[in-house]
Structures are given as C-alpha cells and as structure tokens.
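Per numbering that gives the first Met the number 0, the first sequence starts with residue 0, numbered consecutively.
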Amino acid sequence: MKNLEIAQIFREIAQILEIKGDNPFRIRAYERAAQNIEGLTEDIEDYLKEDRLGEIPGIGKDLAEKIKEFTSSGKIKAYLDLKKSVPAGVLALLNIPSVGPKTAKLLYEKLKIKNAEDLEKAIARNKLQGIFGIKEKTIENILKGIAIVKKGQERMTLAQAGQVADEFVSALEKLPEVKKISTAGSLRREKETVRDIDILVISDQPKKVMHTFVTLPEVKDILAEGETKSSVRTKLDVQVDCRVVEAKSFGAALIYFTGSKNFNIKLRQIAIKKGLKVNEYGIFRKEKFLAGRSEEEVFKVLGLPYIEPELREDNGEIELSLKGKLPRLHLIELKDIKGDLHTHSTWSDGGNSIKEMAEAARGLGYSYIAITDHSQSLKVAGGLTPADLKKKKQEIDKINKTLKGFRVLYGTEVDIDSDGKIDYPDDILKEFEITVAAIHSGFKQSKAQLTRRILRACANKYVHIIAHPTGRLWGTRESYEIDMDEVLRVARETNTSLEINAFPQRLDLNDLYARRAKEMAVKLAIGTDAHAIEQLKTMKLGMAVARRGWLSREDVINTLAVEELLRTIKK
DNA sequence: GCCGTTTTCGGCCCGACTGTTTTCAGTCG
C-alpha cells in the first residue's frame, strides 16, 4: 500500500513550492491531493490498475502521471529535482511555530540557515538582528518555537485530549458570562489523535471570558490574546484555543471551528455557487444575515442535511449528502451498544472479578458481557489451562443464576500462533460462547506470513472475532502489515467479525479500515479489552472510530440482543 | 495543478491576531 508514501511526497512538494513562493493554488492542489490520498480506504494501486485515478478528487492528469511514475519506478523525477533546490532542513524549519514559508525562505537566502541548529546558532550570535521585518519579538517567538519542537511536541491521543478539554470546559462554564460552551476541532470530530484543543463559547462579554481563559491555573504561556480569540499553552505543553461569538453565530462558528479545514472550504465553495457567503458569523446573501444560530440551520440554507462532525473530512460525505444519500446513514451511537465482547477478569490478568465486571457492565446499561480471559500459551498474562476453564465456567454459571436481565458470556481471547493455529483444541474451543482470537507475538513476520495467520484464524470455525487486527500500540509499536483486502474478503466468507479495539493506545482497526470493512460487508465488534471495571468506559473511544468509519448499528454485532448475537456469530 | 448545469480559461474560503508596519504581510486554523 503506497498511499501514505505518495501523500507524503505530495505534501513535501507543496512545502517546497511554498518556500519557493510558487502559485498558492498550485500548492493547495498538492496539499489537497495528499489529504485525499490519505483518506482513501482502498489501495491507490488498485485505482491505478483499474484506471480510476481520476475518481480521486484533486487528482488530475498531471498528478495521475506522477502517481503512475512512482508506482512503476519508485520515484518521481520532478520531486527529486525540486528537492535539490531546497535543503531538507529548511523544510523542517516549517515545523517551528511562528516560522512559516516566508520566514524560512528569508533565513535561508539571507543567512544560509539550513536547519534548526543553524537557526539557533544564528540567534545566539545576534545574526538575525537587522534582517528586514525581524526584530526582538519575532526572535523571541522563534526561540519559543524551537523549544517546543525540541520537546518533541506530538499529537495527543483522543483520550488525553478529552481530559484536557474537560478541565478547561468545566472551569469556563462556571462563569456567569458563559452562556454556552462546546469543544470543537479534531477533538469534536473524534480523530484518534489531536494536536490542539479548540473551545467555542457564547458570551456577550468576550473580553471577560478571554481574560479568565488566559489566566486559568493550567496555563503556562499565552500565545495570543485578542478580543474574541486567544491561544494558550498549558503546563503539559498542550495548546488550547478559545473563541467567543454571539449566540446568533454559534452554529456557524461551531462549523467553522470544528472543521476540517477542507470540509469548510468545500462548504464555502458551495455557498459561493449559490451566491452566498459562509464565515464563522453566519451564512449571508450580500450583507444580509440568513442563518447562524445552529449548525442545522446553516446546513439547511446550503441545501445540505446535517452532517455529523465525525464525517467532516471532505472525504466523499458532502457529495453523498448533496445526492441525498447520506441521510440514510444513521451513525452508530453509544446507546446502541448492548454489551462488551472483549474483557478480562482476575482469572487471567484483569484487576476485577467476573462478578465485578458484570455488575459494572450492567451499570453501563449493557445486557451482556463476554469475559474473554487469555488462553494457555500466553503465560505472562495468566493464560488459563483447561483445568482453570472448568472452574471459570462454573463460576459464570453461578453468577448468571443471580443476575436478572443480564448475561455473562463464557469467552476467551485465544492466541494465533506463528502458523495461524489456535492454542486450544477444538473440544475446548467449542464450549466457548465468544472466542476472540489475536496475534500476540511474531509481529516481525512478513506481510504474507502475518496475513496467512489471520486468514487461518478466520477459517477456524470456532473463532468469532479477530481482536486488534493490525496490532498497533500507539507510541510503542507500529501496525504490522497485512493484506487487509484479503483479510476482509475471507472474514466475510467465513462470517468472522473484526474488532475495533477501544483500548486508548490501540483503536485498532482504525477509522479507514473500519469504513473499508463496512464497504466489504464485514461485520465489526467493538470491544474495550478492559482489564478493570474503569476501562469498560473506553467504549466511547471505540465508538469514535466506528463513527469516523461511517458505521451504522447494523454493521456492529454487539448492538444485537444476546440471543440474536449468539445466533449470528455461529459459523 | 484542478476543475466546470453560470466556465476548457480564469477562477480557486475566510477571518483573527501579531509584529512591524503607518496600511499590511505573515502565520495560523
């Protein structure tokens, strides 16, 4: 799959062109192409083979040629030539906050600064003084920016971002001046990682809100403080932006502030075609305010149905909704979930007993929970021997007699060994009501080997769900590579579900694969992999992935009532 | 560089904040 590689090259071309001061629309064309390629659920080489590159928005004749060139020769000549004109380090300067293409170009041309180290040295030697347009304050900002880059400022997980946002929201909503408040940005779109936190406030007294915002105890640095918009950096080095508007603009501002950027651009283009203008204050005909109080209102004037934040990526959703095809897509919601299909108890490496897990699950409104403790080969995680299993089964039977309207399912998370075999014999496997299978070792095998392992597991008639199918652990381990289309094809044939693992560092499958699975008519299971009752709540993160993957209730097996679930999963 | 029920050429989203300017370019989202 070369999608990400090609997207990266196009993005880099855009950056080089930016520094060279090329036509801004040409630059944007490359950026847009890069983004659209990243958002593809299919392998770009399949588009090429079937002569469908033109179907990808933003890919015209020229870029299609470049994609062909890369696919056949592994390089793009125009890109290599372009790269010679600007040293790689100069591109890296763009990562420094407050340094954009113009500044980078200036520094390179005037002072021969080729990377961040050069820049620091030049500042230390007072070389920047006297360059046109650069004075004390700019230098100070650049130094701050360098410090941030050095810290390795990365994107947060969705869960971390949620916590930071909660602190700010709960502090601000206490103010009597704050009439309404909402998070926005990629946090509201529930992206799996988030760069900064965006908060939107309705108030008649923006100055007061701004002042409170920038003086909250969490704040370390004020990056900008204006009448209606401010940015701060927290003590944990997270950037938080806050914007204040009037009530009549709340919907328009929420759309604008939620993004994505490309989604906003597309909306504004649609507005222009209708002789309208959209900005964060509302939707206008000439100077006349038409709407803005709610998002629904603004969409309506544009002739669009409401589009859920998770879909707003300009990834086909606008075109579909213009055709009226999106309304039929009812995104799955947390309340649709009837049970958790991947959990652990003290029988293996979990922190709570089966009874405690069951009661907590019932407290969340579920009607069942599968206790899927590890299998015998995973000794480090307290995998269960056949003798243990008997006792565990007895315990579950006993608990089920005491719980009304709730059921504990006898489950297991089995290991897929390096050949794709499962580590319990069939006569044991057939007893389980829910069998989740996963790869826990041998991640370094080839793509073909790893794919074959998963295919074999799917073919096992006792395996219901493949857990965390790509094995990634955010910040620790990259996904291993598998032939996903092949896995999806076999999963469908064998009636095997793929899991969206909701564990905060996993979120595996990711949103794009989830969407691809839906396209291929493969069923999904959202499981938390909870090792303690608290972790059952991470279902909402799995839900974020599912919604970004365009899933409806029908696509997810644990929206079914227990009898129907057990009927559906049998092979 | 892309794209077209207003166009195959001439458009391409829109505004806040900062710093260094004295009317605005650069950066950001």
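Backbone N, C-alpha and C define an ideal beta-carbon position, used for all residues, glycine too.
Just to confirm the assignment, what range does the beta strand (DSSP E) spanning residue i have?
| i | result |
| --- | --- |
| isoleucine 196 | 195-201 |
| arginine 284 | 281-284 |
| isoleucine 55 | Per DSSP, isoleucine 55 belongs to no beta strand (DSSP E) and is neither H nor E. |
| valine 571 | This structure cannot settle anything about residue 571, because the visible part of the chain is limited to 0 through 570. |
| threonine 182 | 179-183 |
| valine 218 | 218-224 |
Can residue i and residue j be called in contact, C-beta distance under 9 Å?
| i | j | result |
| --- | --- | --- |
| lysine 420 | tyrosine 479 | no |
| valine 243 | leucine 215 | no |
| aspartate 416 | aspartate 425 | no |
| valine 544 | leucine 508 | yes |
| serine 229 | cysteine 241 | yes |
| valine 297 | isoleucine 264 | no |
| threonine 192 | leucine 235 | no |
| glycine 88 | asparagine 114 | yes |
| valine 163 | valine 237 | yes |
| valine 435 | valine 413 | yes |
| proline 304 | leucine 325 | yes |
| serine 352 | aspartate 372 | no |
| glycine 250 | glycine 291 | yes |
| leucine 62 | alanine 28 | yes |
| asparagine 494 | lysine 522 | yes |
| leucine 454 | glycine 441 | no |
| leucine 363 | lysine 536 | yes |
For the alpha helix (DSSP H) containing residue i, name the first residue and the last one.
| i | result |
| --- | --- |
| arginine 27 | 23-37 |
| leucine 105 | 100-110 |
| threonine 137 | 135-149 |
| serine 169 | 157-171 |
| aspartate 396 | 385-401 |
| leucine 81 | 76-84 |
| glycine 250 | 249-257 |
| leucine 523 | From DSSP, leucine 523 is part of no alpha helix (DSSP H) but of the beta strand (DSSP E) over 523-526. |
| isoleucine 43 | 43-48 |
| alanine 573 | Outside the shown range of the chain, which is 0 to 570, sits residue 573, and nothing can be said about it. |
If distances are taken between C-alpha atoms only, which option among the options comes closest to residue i?
| i | options | result |
| --- | --- | --- |
| threonine 573 | Gln504, Lys136, Val237 | The chain is shown only over 0 to 570; residue 573 falls outside these bounds and no answer can be derived. |
| alanine 524 | Asp165, Ala251, Leu565, Asp372 | Leu565 |
| methionine 519 | Glu533, Gln162, Glu492, Gln534 | Glu492 |
| isoleucine 5 | Tyr78, Leu487, Asn94, Glu553 | Tyr78 |
| proline 23 | Thr70, Lys101, Glu37, Leu3 | Lys101 |
| arginine 547 | Asn500, Ile112, Glu312, Ile145 | Glu312 |
| threonine 227 | Lys247, Ile221, Gly250, Ser202 | Ser202 |
| lysine 1 | Asp482, Trp549, Thr537, Lys247 | Asp482 |
| glycine 381 | Glu294, Arg232, Trp346 | Trp346 |
| lysine 205 | Ser440, Glu224, Val521 | Here the sequence assigns proline to residue 205, which means lysine is not the residue at that position. With distances taken between Cα atoms, proline 205 lies closest to Glu224. |
| serine 84 | Ile18, Gly129, Ile36, Leu110 | Ile18 |
| glutamate 119 | Thr567, Val98, Val277 | Val98 |
| glycine 274 | Ala121, Lys285, Phe9, Phe212 | Lys285 |
Is residue i helix, strand or coil by DSSP?
| i | result |
| --- | --- |
| isoleucine 433 | strand |
| serine 496 | strand |
| arginine 242 | strand |
| arginine 406 | strand |
| tyrosine 367 | strand |
| glycine 302 | coil |
| arginine 232 | strand |
| aspartate 425 | helix |
| lysine 67 | helix |
| serine 478 | coil |
| glycine 338 | strand |
| threonine 411 | strand |
| glycine 274 | coil |
| aspartate 348 | coil |
| threonine 214 | coil |
| phenylalanine 288 | strand |
| serine 320 | helix |
| isoleucine 465 | strand |
| threonine 192 | strand |
| leucine 330 | strand |
| valine 89 | helix |
| serine 551 | strand |
| aspartate 372 | strand |
Subject >> Inter-stretch contact at 8 Å, needing at least 3 Cβ pairs: the stretch 506-522 / the stretch 33-53 >> reply: Counting C-beta pairs with one atom in each stretch, the stretch 506-522 and the stretch 33-53 have three or more that are closer than 8 Å, which means they touch.
**OP:** Say whether the stretch 248-266 touches the stretch 176-191, bearing in mind that this needs 3 or more beta-carbon pairs closer than 8 Å, one atom from each stretch.
**Re:** Yes: at least three Cβ pairs fall under 8 Å.
**OP:** Spell out a yes or no on whether the stretch 428-439 and the stretch 452-465 are touching, meaning 3 or more CB-CB pairs, one atom from each, closer than 8 Å.
**Re:** Cβ pair count under 8 Å is three or more, so yes.
Original post:
Counting pairs of Cβ atoms below 8 Å between the stretch 359-370 and the stretch 332-342, do you hit three or more?
Top reply: Three or more Cβ pairs drawn from the stretch 359-370 and the stretch 332-342 lie within less than 8 Å of each other, which places the two stretches in contact.
Subject >> Cβ pair count under 8 Å reaching 3, the stretch 4-15 against the stretch 84-104 >> reply: Touching, yes, given that three or more Cβ pairs across the two stretches are closer than 8 Å.
**OP:** Count the CB pairs spanning the stretch 53-64 and the stretch 21-40 that are closer than 8 Å, and state whether there are at least three.
**Re:** The stretch 53-64, when compared against the stretch 21-40, does touch it at the 8 Å Cβ threshold.
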